[in-house]
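Student:
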Amino acid sequence: MSKVIPLLDTRKPGSLPAPPASYRAPSGELADARGRAMRDLRISVTDRCNFRCVYCMPKEIYGADHEFLPRADLLTFEEITRIARIFVGHGVTKLRLTGGEPLLRRNIERLVEMLAKVPGVDLTLTTNGALLAKKARSLRDAGLSRVTVSLDSLDDATFRAMNDVEFPVEKVLAGIDAAAAAGLAPIKVNMVVKRGTNEGSIVAMARHFKGTGHIVRYIEYMDVGATNGWRMDDVVPASEIVRTIDAALPLEPADANYAGEVAERWRYRDGSGEIGVIASVTQAFCRDCTRARLSTDGKLYTCLFATDGFDLRALARDGTSDAALSNAIAAIWRQRADRYSEIRSDHTVPLKKVEMSYIGG
Ligand code: SAM
């Protein structure tokens, strides 16, 4: 596990800017060192997963002897809700539960219920869909707004090779159907495209979901973490993905739904829906990045490609008041200057970045 900056240390004089004495949190007006607001909080609720996707949690690293976080290290639901409320006070409007596989966290519905009561938030969840058929209804009843389901191919052999646990496509599709029936729509379907692995599934995926109201989002394969052996040659650029789909199913550009939207939107010319492409490698969008990440054990990361986090759990567990916690979060955000994807190079790729399963995808 990478080094973690204990927040209390980083707050020694001269390290983090102290909030002004008159600082009144929450302000909702927080901006980082590059003028970016804080709008989204991704919360990793477990570092465990029932898949071993080759590009995320490869078996060679996450084998039977891999040590996941002990239970006592995980933020409790009460701690997550308390911290999330404080983030909302600073302008966050979207909470996303992720992991690891969030549906593996015991009683996840209870957490959804607690977070759904925080006023003014859009509460969503990203899942591999394996347990969705069973849980879609209870998640909806608990107050979840929508889900994003990851699915890298409709071709069973390709999908099984990518999840590396022999999980069949048909069960994920059943999960998507159950989510739609439960009202967790519009459903986004995330497909990570890796050269030589599943690029042959791009058009089939578009065709399958066209006209259903579900939105396929093609994601460029990224150099997250330090275990997936990423190479630039493995990336299929978003422009190529759009060209490939357009040749079979004509597309036209669509406007962003809101400033800073991660996916670039394209709609079918026949009016039967839309797709999105997330070009985090070839067209970095750091300039508009408003996302913060809370790791499974309560560290705040201000970039998906960060090597260090700030230990909010230590504060939450040592009797720190909400106001002081709020000030600490504000101070961290104000000094944020991350823009990894804009400066990615041969020198940055080998950095010891935290793993996505731990920080939350
Ligand atoms: N287990 C859940 C799931 O499968 O959706 C949530 C966690 S997963 C880390 C979140 C998303 O990150 C998934 O859509 C996954 O495909 C994507 N992801 C993981 N590693 C990636 C990589 N190296 N490049 C691009 N996307 C990646």
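Residues in the sequence shown are numbered consecutively from 0, following numbering that gives the first Met the number 0.
Glycine is no exception: its CB is placed at the ideal position from the N, C-alpha and C atoms.
(1) At the level of alpha carbons, what is the spacing between Lys187 and Ser152?
(2) Starting from Arg84 and walking both ways along the alpha helix (DSSP H), at which residues does that stretch end?
(3) Tell me which residues share the same chain as Thr123 and place their Cβ nearer than 8 Å to its Cβ, disregarding the 5 neighbours each side in the sequence.
(4) At a cut of 8 Å, does the segment 313-323 reach the segment 175-192 through at least three beta carbon pairs?
(5) What does DSSP give as the partner residue(s) for Lys58 in the beta ladder?
(6) With respect to 8 Å, is the separation between the Cβ of Val235 and the closest non-hydrogen atom of the ligand SAM below this value?
(7) Taking the alpha helix (DSSP H) that Tyr267 falls in, what are its first and last residues?
(8) Tell me the residue span of the beta strand (DSSP E) that contains Arg136.
(9) So Glu100 packs on Phe158, CB below 8 Å; how close in whole Å?
(10) Quick check on Ser149: does DSSP put it in helix, strand or coil?
(11) Is it true that the CB of Trp265 sits closer than 9 Å to the CB of Val241?
(12) Is Leu68 helix, strand or coil by DSSP?
(13) Is the closest heavy atom of the ligand SAM to the C-beta of Gly99 under 8 Å?
(14) Is Thr344 near the ligand SAM, going by C-beta to nearest heavy atom under 8 Å?
(15) May I ask you to report which of helix, strand or coil DSSP gives Pro101?
(16) By the DSSP assignment, the beta strand (DSSP E) with Lys193 in it spans what residues?
(17) DSSP state of Asp245, grouped into three classes?
(18) Indicate whether Pro57 and Val87 have their beta-carbon atoms separated by less than 9 Å.
(19) Is DSSP giving Ser144 helix, strand or coil here?
(20) Between Ile328, Thr295, Cys288, which has its C-alpha nearest Asp337's C-alpha?
(21) So what's Arg216 in DSSP terms, helix, strand or just coil?
(22) Decide if Asn384 is buried, meaning its Cβ has at least 16 other Cβ atoms within 10 Å, or exposed.
(23) Output the distance between the C-alpha atoms of Ser356 and Thr243, rounded to the nearest integer angstrom.
(24) Report buried or exposed for Val164, applying the criterion of at least 16 other Cβ atoms within 10 angstroms of its Cβ.
(25) Nearest-angstrom Cα distance between Leu40 and Val280?
(26) Can you tell me the Cβ-Cβ gap for Thr301 and Ala291, rounded? I've got them flagged as a contact below 8 Å.
(27) Output the boundary residues of the alpha helix (DSSP H) element that contains Leu172.
(28) Note down the Cα distance separating Ala36 from Ala278, rounded to an integer number of angstroms.
(29) Please classify Met161 as buried or exposed, where buried requires at least 16 neighbouring CB atoms within 10 angstroms.
(30) Rounded to a whole number of angstroms, what is the C-alpha to C-alpha distance between Arg139 and Val111?
(31) Given this structure, state the Cα-to-Cα distance separating Gly34 from Ala329, to the nearest angstrom.
Tutor: This is what the structure gives:
(1) So the two alpha carbons sit approximately 14 Å from each other.
(2) Per DSSP, the continuous alpha helix (DSSP H) segment holding Arg84 begins and ends at 76-88.
(3) Cβ neighbours of Thr123 beyond the five flanking positions: Lys93, Leu94, Arg95, Leu96, Leu143, Ser144, Arg145, Val146, Thr147.
(4) No contact exists between the segment 313-323 and the segment 175-192.
(5) According to DSSP, Lys58 bridges with nothing at all.
(6) Result no, Cβ not under 8 Å from the ligand SAM.
(7) It is not in any alpha helix (DSSP H) - Tyr267 instead sits in the beta strand (DSSP E) that spans 263-267.
(8) Counting along the chain, Arg136 falls outside any beta strand (DSSP E), though it belongs to the alpha helix (DSSP H) covering 131-141.
(9) So it is not a contact: roughly 16 Å between Cβ atoms.
(10) In the structure shown, Ser149 sits in a strand (DSSP, three-state: E or B).
(11) The Cβ-Cβ distance between Val241 and Trp265 falls below 9 Å.
(12) Shown here, Leu68 sits in coil according to DSSP, grouped into three states, outside any helix or strand.
(13) Yes, the ligand SAM has a heavy atom inside 8 Å of this Cβ.
(14) It should be noted that the sequence gives Ser, not Thr, for residue 344. Because no heavy atom of the ligand SAM lies under 8 Å away, the Cβ of Ser344 does not count as near it: no.
(15) Assignment of Pro101 by DSSP, reduced to helix, strand and coil, places it in the helix class.
(16) Taken as a continuous stretch (DSSP letters only), Lys193 belongs to no beta strand (DSSP E), as it is neither H nor E.
(17) For Asp245, the secondary structure class from DSSP, reduced to helix, strand or coil, is helix.
(18) No, Cβ-Cβ distance for Pro57 and Val87 is not below 9 Å.
(19) Ser144: coil per DSSP, three-state reduction.
(20) The residue among Ile328, Thr295, Cys288 with its C-alpha nearest the C-alpha of Asp337 is Cys288.
(21) For Arg216, the secondary structure class from DSSP, reduced to helix, strand or coil, is strand.
(22) Missing from the structure shown is residue 384; the chain here goes from 0 to 360 and no further.
(23) Separation of Ser356 and Thr243 (C-alpha to C-alpha, rounded to the nearest whole angstrom) is 30 Å.
(24) With fewer than 16 other Cβ atoms inside 10 Å of its own Cβ, Val164 counts as exposed.
(25) The C-alpha of Val280 is placed about 21 Å away from the C-alpha of Leu40.
(26) Thr301 to Ala291, Cβ: 6 Å. Contact.
(27) Where Leu172 is concerned, the enclosing alpha helix (DSSP H) stretches over 168-181.
(28) Annotation: Ala36 to Ala278 spans about 21 Å, alpha carbon to alpha carbon.
(29) It is buried - the Cβ of Met161 has at least 16 other Cβ atoms within 10 Å.
(30) The C-alpha of Val111 is placed about 9 Å away from the C-alpha of Arg139.
(31) Cα to Cα, the separation comes out at about 13 Å.
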